[in-house]
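Working notes for the structure below.
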Amino acid sequence: MLRARASVVVALALVLGAGCPRRTETPPAVAEGASCPTFRDPEVIGRSPSVLREISGVVASRRQPGVLWVHNDSGAGPEIHALGLDGALLADGEVVGAQAVDWEDIALGPGPEPGRDYLYIADIGDNQRRRSSVVIYRIPEPEVGSGAGLRLRSEPAVATTLRYDRGAENAEALLVDPLDGALYVISKRVGAAALYAVDGDALVRQAAVDAGSGALVTAADFSRDGRWIALRTYNAAYLWPRPAGRSIAEALGEAPCVIKAAREGQGEAIGFTADDAALITISEAKEGDDGVPIYRLAFQSGGPDKT
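If you read the sequence shown in the numbering used here, its first letter stands for residue 2, the second for the next number, and so on.
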């Protein structure tokens, strides 16, 4: 059983994770001790391209070493972009048959063809909570190939149109369970984030998610083996263990471990590296920025690659 301590004490430990200065977050009670991994100091491994100013999701390819898939926020077209770990723009990709209202997260997971990786793109942003439905698109992961500046076209996207069972929600975090392909969305609501599971054409509320008072969940990802769940807010990042046999809702109901995150202006993207040895985070850029740092948050002990 993970041991929790008071939020006031934890706040002092999260200074490195502080980011957006316009928002005050009080961390949740968190776990500590041998059950939690430790992290090395955040490392800058590259910078995002200046043409991608509003990166809102990132996921690492598992079959194409060194490739990160990202996308822009609302206002951009239905495109994904392949980056190198140093931030070099390798390819722009049109998602055929998709529309982009407010894309907020991207994930990698299984799909209908065994042994093939699929990208899932979450068009789930709804700041005013007025959308009657949201969409998750699925495409087979495109092959980037060699060189840079390539233009790709995906296979036709499969769209899953969804409605929340309790009325419209704003959300920015998508999870795809690598074990069974189940889809989950975590809402972006101050002090009241919730986990929703995709059930047919519905998003069904499963449980509350405590990411801290005043916090807004902006991204999420599974480790490759499905045993860890990472969530980030504007100011911090947390890691929940998911032991074998436990549901996602049960796992997120426990106290999380703290991820040693970097200070970022508006952090909206987090994802495990392909080998689960680290996490990648990227922020949206401010006006005038020539890209933003790409951070690698490496596990020092106890992470998914260590277990």
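Note that CB positions come from ideal geometry on N, CA and C, so glycine has one too.
Check whether residue i and residue j have beta carbons under 7 angstroms apart
i	j	result
N171	D127	yes
V97	R164	no
L175	A108	yes
L196	A250	yes
I125	V135	yes
L91	A83	yes
A279	G58	no
L204	V186	yes
A30	A221	no
A275	R63	yes
S224	P305	yes
D178	G227	yes
E173	E105	yes
DSSP state of residue i mapped onto helix, strand, coil
i	result
I249	helix
D166	coil
P28	coil
P141	strand
P242	strand
P294	strand
D306	helix
D222	strand
L3	A caution first: L3 carries a pLDDT of 42, below 50, which makes its placement in the model unreliable, though a value can still be read off. Reduced to three states, the DSSP call for L3 is coil.
P22	A caution first: P22 carries a pLDDT of 45, below 50, which makes its placement in the model unreliable, though a value can still be read off. Looking at P22 - three-state DSSP - the assignment turns out to be coil, as it is neither helix nor strand.
V16	Model confidence at V16 stands at a pLDDT of 35, short of 50, so the residue's coordinates are unreliable and nothing is read from them.
D93	strand
R193	Checking the displayed sequence, the identity of residue 193 turns out to be Ala instead of Arg. Coil at A193, not helix or strand.
V102	coil
G126	coil
Y185	strand
C200	Sequence check: residue 200 is Asp here, not Cys. Three-state DSSP puts D200 in a strand.
V210	coil
A299	strand
S57	strand
N171	coil
Y235	coil
T274	coil
I281	strand
E269	strand
V68	strand
R117	coil
A160	strand
Contact set for residue i: own chain, Cβ-Cβ below 7 angstroms, skip 5 residues either direction
i	result
G254	A208
G116	none
V10	In this prediction, V10 scores a pLDDT of 35, lower than 50, which makes its location untrustworthy; the coordinate-derived value is nonetheless stated afterwards. So no residue of the chain qualifies.
Neighbourhood of residue i by C-beta, 8 angstroms cutoff - its chain only, sequence neighbours within 5 removed
i	result
R167	R206
V159	Y138, R139 and I140
Distance between beta carbons of residue j and residue i, contact taken as under 8 angstroms
i	j	result
R132	A169	6 angstroms
K287	G268	Actually they are not in contact, since the Cβ atoms of K287 and G268 sit about 13 angstroms apart, beyond 8 angstroms.
R233	T282	7 angstroms
R24	Y235	5 angstroms
T162	D103	The pair is not a contact, with the Cβ atoms about 15 angstroms apart (cut-off 8 angstroms).
V45	P294	4 angstroms
A237	P28	6 angstroms
D74	E285	7 angstroms
C37	G303	7 angstroms
Same chain only: Cβ atoms within 6 angstroms of residue i, ignoring 5 sequence neighbours per side
i	result
P143	G94, L153 and S155
P111	G182
V199	L184
P22	Because the pLDDT at P22 is just 45, under 50, the model does not fix this residue reliably, and the value given afterwards should be weighed accordingly. Nothing meets the Cβ criterion.
D87	G47
V309	What is shown of the chain runs 2 to 308, which leaves residue 309 out entirely.
L151	A92
W241	I230, A252, L253 and P257
Residue i beta carbon near the ligand FMN (any heavy atom closer than 6 angstroms)
i	result
V68	This structure lacks the ligand FMN, and indeed carries no ligand of any kind.
Any C-beta of chain D under 7 angstroms from that of residue i
i	result
G292	Absent here is chain D; the protein component of the structure consists of one chain.
Report yes or no: do the stretch 24–44 and the stretch 74–89 share at least 3 C-beta pairs separated by less than 8 angstroms?
-> no
Between the stretch 257–264 and the stretch 46–60, do at least 3 Cβ pairs fall closer than 8 angstroms?
-> no
Three or more beta-carbon pairs under 8 angstroms between the stretch 210–227 and the stretch 136–154, yes or no?
-> no
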